[in-house]
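Engineer:
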Amino acid sequence: MWSPQEFHLYINNLEMPAVILAVYHFQAHLRDSSCVMVSIDKTSVDAYIQAQG
């Protein structure tokens with residue numbers, strides 16, 4: 118659930134923090150992995166991730 122401060126933001130601004138939080142949440146399982154596949158439905162966040170920031 119989004120906080121009251123985040124509730125008014127556009128979905129593009131909410132998807133990137135969601136991806137980052139998911140990676141942080143599963144980081145213990147990802148330590149031996151050199152690659153992580155993230156499946157999202159927003160092209161702007163996907164393009165940002167593809168460009169590696």
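In short: position in the sequence shown from 1, add 117, done, that's our numbering. Note that beta-carbon positions come from the ideal geometry of N, C-alpha and C, so glycine has one too. All of these numbers come straight from a predicted model, not from anything done at the bench.
Are residue 157 and residue 123 touching if we call contact CB-CB under 8 Å?
Structural biologist: Counted from its first residue, the sequence shown places residue 157 at position 40. Counted from its first residue, the sequence shown places residue 123 at position 6. No, Cβ-Cβ distance for residue 157 and residue 123 is not below 8 Å.
Engineer: Which residue comes first and which comes last in the alpha helix (DSSP H) that contains residue 144?
Structural biologist: The residue given as residue 144 occupies position 27 in the sequence shown. Residues 144–147.
Engineer: Looking only at its own chain, which residues have a Cβ that is under 8 Å from the Cβ of residue 147, when we skip the five neighbours before and after it?
Structural biologist: Within the sequence shown, numbered from 1, the residue matching residue 147 stands at position 30. Correct list, in chain order: 140, 153.
Engineer: Would you call residue 162 buried or exposed, if buried means 16 or more other Cβ atoms sit within 10 Å of its Cβ?
Structural biologist: Taking the first residue of the sequence shown as position 1, residue 162 is located at position 45. Residue 162 is buried by the Cβ-count criterion.
Engineer: How close, in whole Å, do the beta carbons of residue 155 and residue 137 come, if the pair is a contact with beta carbons under 8 Å?
Structural biologist: Sequence index remark: in the sequence shown, residue 155 carries index 38 (1-based). Sequence index remark: in the sequence shown, residue 137 carries index 20 (1-based). The Cβ separation is near 10 Å, so there is no contact.
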